[in-house]
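Q: Could you have a look at this structure, given as structure tokens, before my questions?
Number of protein chains: 2
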Amino acid sequence: MSAPDGRVVVSTDLLLEGRHFRRDWSGGYDVGRKAAAQNLSDVAAMGATPTSLVVGLGIPADLPLDWLDALTDGIRDECAAVGASVAGGDVTRCDLVVLGVTAMGDLGGRRPVKRSGAAPGQVVAVAGRLGYSAAGWALLEAGVPADSPALREAVAGHRRPCPPYAMGPLAAELGATAMLDVSDGLLQDLGHVAEASGVRIELDPTRFAVAEPVAAAAKELGTDPLEWVLAGGEDHAFAAVFPAGVRLPEAWRVVGRVCEGEGVAVDGWEPRQRGWDHFR
Amino acid sequence: MSAPDGRVVVSTDLLLEGRHFRRDWSGGYDVGRKAAAQNLSDVAAMGATPTSLVVGLGIPADLPLDWLDALTDGIRDECAAVGASVAGGDVTRCDLVVLGVTAMGDLGGRRPVKRSGAAPGQVVAVAGRLGYSAAGWALLEAGVPADSPALREAVAGHRRPCPPYAMGPLAAELGATAMLDVSDGLLQDLGHVAEASGVRIELDPTRFAVAEPVAAAAKELGTDPLEWVLAGGEDHAFAAVFPAGVRLPEAWRVVGRVCEGEGVAVDGWEPRQRGWDHFR
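If you want it as structure tokens, here you go:
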């Protein structure tokens, strides 16, 4: 692997069958794309360009070879989509499918954007999808047939995220003071920014456009779509803090501001659930 | 993480409770040291100096906190022993303890030493321990009490390898044409070198000094210690191929030579077992 500028960022995650994916809900190809995406997006959300990825793979003896082939195809294709390559791996036998994925990225001479740089007076913006994965998961969990294009897109969004990779290095160049990818839910992840930066973040719920697939799923299930947008995880949208007055490209939507204080508040909205608990 | 020279090597492994370690045989601290060591040694055996490590950790809800603390202490201490640092990690719940460990290293301007550079006429040398882990495992498996210093050292060698880290970059500087760390057993791992290089490797069994702990365990169990030396895995000794006539420091012992042909042969010795099968 090459690291021309001498600064590398790295991200690692463990994905477990039954906890992070179900083989009856997701094919090998989708699992591969999702496994790669969640680490590549973490690297990009530090402002780096993903360069390579390694995978430690645990597989049951009776895993169909087709599923394994599809998995590795999915990993490779997600890497290729961002110009990264699969640099190696390790295979071992396990009772369930386990993936240990590590992605690396090149900062191109910049400092990594961390969670700790937000300051009062700055603005909070998001890029990418919010609520798709939670909506799709809710449809699958409820056993509701995805019989419209919108519902199918929500389910597809659960199976495979679509991180706004290019927005990471771009935000770094635009002067982002803090950034992360939304893996556990916007409120919970912005809570990490608030805590690391010693600030309070206030979000304006009217600034969030609820996408059609999320709205359609909420209507189908009779629930509040904003809950999925604000607290749903695994879409790997990017959330960043920028200096006030920054001119942002359309892909970044300003949704809140940074104040003195602590925690994350949404004006006039009370969440029932604050994101995904790693230990549920 | 810093990569001053612009070339980075990376190694990843998945360690599973029950397959790669047993909590009744190894404490958290030993598991941590071993998990870190097996990836740090892989990096060093490419000729690089290990710089950093990331860990994806799956833990059961009822895992004692002391065990987890000891595990992270072990990982940190093994890294510190080679001047590397723990750069981050990820924790998730799992029914068994799973570690996905990825280590990175800096090549200091050199090319990585791969498995494919061996050529006829060159010599094969090893550095570090061979047979300790297999001997210790056999003692534990047989339930033989480790009631002498030699037997205790064999068991300790199973719980925690002692890779000759510094020998990796040194071998690279001395012109090693192929190198790896012995994770699956010397014969099996040299088989990878023979295959990747398109050569035959012939070992002289009289060149191997059987260490006292390995000899003592073999005597206790009435078995051939050379089997553990040649086919036992997990000691993370380094095996390398050097140009003929190279002057090697004492830590490297010449044990064979590279010829035309294929495969690995041991003069006058027939192994019952060719190393550890990943899929046993």
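As they're listed, the protein sequences go chains H and W. Heads up, the first sequence is in UniProt numbering, so the first residue is 1 and it goes up one at a time. Heads up, the second sequence is in UniProt numbering, so the first residue is 1 and it goes up one at a time. Note that beta-carbon positions come from the ideal geometry of N, C-alpha and C, so glycine has one too. The model shown is predicted, which means the values in this text are computed figures rather than measured ones.
Decide if L107/W is buried, meaning its Cβ has at least 16 other Cβ atoms within 10 Å, or exposed.
A: Along the second sequence, read from residue 1 onward, the residue named residue 107/W stands at position 107. Looking at its Cβ environment, which holds 16 or more other Cβ atoms inside 10 Å, L107/W is buried.
Q: Taking a Cβ distance cut-off of 9 angstroms, strictly less, list which residues of the segment 87-99 of chain W are near chain H, in chain order.
A: For the segment 87-99 of chain W, which is checked against every Cβ of chain H, the residues closer than 9 angstroms are A87, G88, G89, D90, V91, T92, R93, C94, D95, L96, V98, L99.
Q: Compare the C-alpha of Y165/W against each of M46/W, Y132/W, L186/W, D267/W and name the closest.
A: The sequence position of residue 165/W within the second sequence is 165, counting from 1. The shortest C-alpha separation from Y165/W is found at M46/W.
Q: Output the boundary residues of the beta strand (DSSP E) element that contains residue 285/W.
A: Nothing can be reported for residue 285/W: it is not among the residues displayed for chain W, which extend from 1 to 280.
Q: So, with DSSP's three-state summary, where would you put E250/H?
A: Within the first sequence, the letter at position 250 stands for residue 250/H. In the structure shown, E250/H sits in coil (DSSP, three-state: anything other than H, G, I, E or B).
Q: Thinking residue 283/W and L180/W are a contact (beta carbons under 8 angstroms), I'd like their distance in whole angstroms, please.
A: Residue coverage of chain W in this structure runs from 1 to 280, which leaves residue 283/W outside it and unanswerable.
Q: Quick one: using the 10 Å Cβ neighbour count with 16 as the cut-off for buried, is E212/W buried or exposed?
A: Here residue 212/W is taken as the residue at index 212 of the second sequence, counted from 1. Exposed, because fewer than 16 other Cβ atoms sit within 10 Å of the Cβ of E212/W.
Q: Could you name the residues of the segment 3-34 of chain H whose beta carbon sits closer than 9 angstroms to any beta carbon of chain W, in the order they occur along the chain?
A: Here the close residues are A3, P4, D5, G6, R7, V8, V9, V10, S11, T12, D13, L14, L15, L16, G18, R19, H20.
Q: Along the chain, which unbroken stretches of the beta strand (DSSP E) at least 3 residues long are found entirely within the UniProt domain "PurM-like N-terminal" (5-105) of chain H?
A: Taking only runs of at least 3 residues, the beta strand (DSSP E) segments lying wholly in the UniProt domain "PurM-like N-terminal" (5-105) of chain H are 8-16, 49-59, 85-93.
Q: List the residues of chain W that L57/H touches, going by C-beta distances under 9 angstroms, in chain order.
A: In the first sequence, the residue the question calls residue 57/H occupies position 57. Here the neighbours are L14.
Q: For the beta strand (DSSP E) that contains E202/H, what are its first and last residues?
A: Along the first sequence, read from residue 1 onward, the residue named residue 202/H stands at position 202. Element bounds for E202/H: 200-203.
Q: G28/W and W67/W - do their beta-carbons sit closer together than 8 angstroms?
A: The sequence position of residue 67/W within the second sequence is 67, counting from 1. The sequence position of residue 28/W within the second sequence is 28, counting from 1. Against a cut-off of 8 angstroms, the Cβ pair of G28/W and W67/W comes out as a contact.
Q: Does the segment 68-85 of chain W come close enough to the segment 110-122 of chain W that 3 or more CB-CB pairs lie under 8 angstroms?
A: They do not touch, by the three-pair rule.
Q: Taking Cβ positions only, does T102/W come closer than 8 angstroms to chain H?
A: Here residue 102/W corresponds to residue number 102 of the second sequence, with the count starting at 1. So yes, T102/W belongs to the interface.
Q: Quick one: grab the DSSP three-state call for V229/H.
A: Within the first sequence, numbered from 1, the residue matching residue 229/H stands at position 229. Helix.
Q: Just reading off the beta strand (DSSP E) that D181/W is part of, what are its end residues?
A: Numbered from its first residue, the second sequence carries residue 181/W at position 181. It spans 178-181 - the beta strand (DSSP E) in which D181/W sits, taken as one unbroken run.
Q: Can you tell which of D189/W, G175/W, T223/W, A196/W has its C-alpha closest to the C-alpha of V249/W?
A: The count along the second sequence starts at 1 and reaches residue 249/W at position 249. The sequence given here has Pro at residue 249/W, not Val. Answer by Cα proximity: G175/W.
Q: Could you give the C-beta distance for E202/H and L96/H, rounded to a whole number, given that I count them as a contact under 8 angstroms?
A: For the purposes of this step, residue 202/H is taken as the residue at position 202 of the first sequence. For the purposes of this step, residue 96/H is taken as the residue at position 96 of the first sequence. That pair is no contact at about 42 angstroms.
Q: For A194/H, I'd like the list of residues in its chain whose CB is within less than 7 angstroms of its CB, leaving aside the five on either flank, ordered along the chain.
A: Here residue 194/H is taken as the residue at index 194 of the first sequence, counted from 1. Excluding sequence neighbours, A194/H sits near R200, I201, E262, G263, V264.
Q: Please state the DSSP three-state secondary structure of G263/W.
A: In the second sequence, the residue the question calls residue 263/W occupies position 263. Strand.
Q: Against chain H, with Cβ distances strictly below 8 angstroms, would H278/W count as a contact?
A: In the second sequence, residue 278/W corresponds to position 278, counting from 1. Below a pLDDT of 50, predicted positions are generally treated as unreliable, and H278/W, at 37, falls in that range; no measurement from the model is reported.
Q: Could you give the residue range of the alpha helix (DSSP H) that holds A215/H?
A: Within the first sequence, residue 215/H is the residue found at index 215, counting from 1. First-last of the alpha helix (DSSP H) with A215/H: 212-221.
Q: Does V144/W get closer than 8 angstroms to chain H when you measure Cβ to Cβ?
A: For the purposes of this step, residue 144/W is taken as the residue at position 144 of the second sequence. It does not; no Cβ of chain H falls within 8 angstroms.
Q: From F21/W to R247/H, what distance separates their C-alpha atoms?
A: As a working mapping, residue 21/W is identified with position 21 in the second sequence. As a working mapping, residue 247/H is identified with position 247 in the first sequence. Each residue's alpha carbon lies about 54 angstroms from the other.
Q: Confirm, please, whether the CB-CB distance from V182/H to A237/H is below 8 angstroms.
A: Indexing the first sequence from 1 puts residue 237/H at position 237. Indexing the first sequence from 1 puts residue 182/H at position 182. Yes, the Cβ-Cβ distance between A237/H and V182/H is below 8 angstroms.
Q: Using a Cβ-Cβ cut-off of 6 angstroms (strictly less than) and excluding sequence neighbours within five positions of E260/W, which residues of its own chain qualify?
A: In the second sequence, the residue the question calls residue 260/W occupies position 260. Only P120 meet the Cβ criterion.
Q: Indicate whether at least one CB of chain H lies closer than 8 angstroms to the CB of V123/W.
A: Translated into positions along the second sequence, residue 123/W becomes position 123. So no, V123/W is outside the interface.
Q: Is the beta carbon of V55/H closer than 8 angstroms to that of G100/H?
A: In the first sequence, the residue the question calls residue 100/H occupies position 100. In the first sequence, the residue the question calls residue 55/H occupies position 55. Yes, Cβ-Cβ distance for G100/H and V55/H is below 8 angstroms.
Q: Would you please verify whether the beta carbon of V182/H is less than 8 angstroms from any beta carbon of chain W?
A: Locating residue 182/H in the first sequence gives position 182, counting from the first residue. Closer than 8 angstroms: no.
Q: Within this structure, are the beta carbons of D204/H and G256/H separated by less than 8 angstroms?
A: Here residue 204/H is taken as the residue at index 204 of the first sequence, counted from 1. Here residue 256/H is taken as the residue at index 256 of the first sequence, counted from 1. Contact flag set, yes.
Q: Identify each residue in the segment 190-218 of chain H for which the Cβ-Cβ distance to at least one residue of chain W is less than 8 angstroms, and report them in chain order.
A: Here the close residues number zero.
Q: I want to verify the contact list: residues of chain W whose CB lies under 7 angstroms from the CB of V229/H, in sequence order.
A: Translated into positions along the first sequence, residue 229/H becomes position 229. The premise fails here: V229/H is roughly 24 angstroms from chain W at the closest Cβ pair, so nothing lies under 7 angstroms.
Q: Which whole-angstrom value describes the C-beta separation of L151/H and W25/H, a residue pair presumed to lie in contact below a C-beta threshold of 8 angstroms?
A: Against the first sequence, residue 151/H aligns to sequence position 151. Against the first sequence, residue 25/H aligns to sequence position 25. Incorrect: roughly 15 angstroms between the Cβ atoms, too far for contact.
Q: Between G143/W, L57/W, L65/W, L53/W, which has its C-alpha nearest R76/W's C-alpha?
A: Residue numbering aside, residue 76/W sits at position 76 when the second sequence is read from its first letter. With distances taken between Cα atoms, R76/W lies closest to L53/W.
Q: Decide if S85/W is buried, meaning its Cβ has at least 16 other Cβ atoms within 10 Å, or exposed.
A: Counting from one through the second sequence, the residue named residue 85/W turns up at place 85. S85/W should be labelled exposed.
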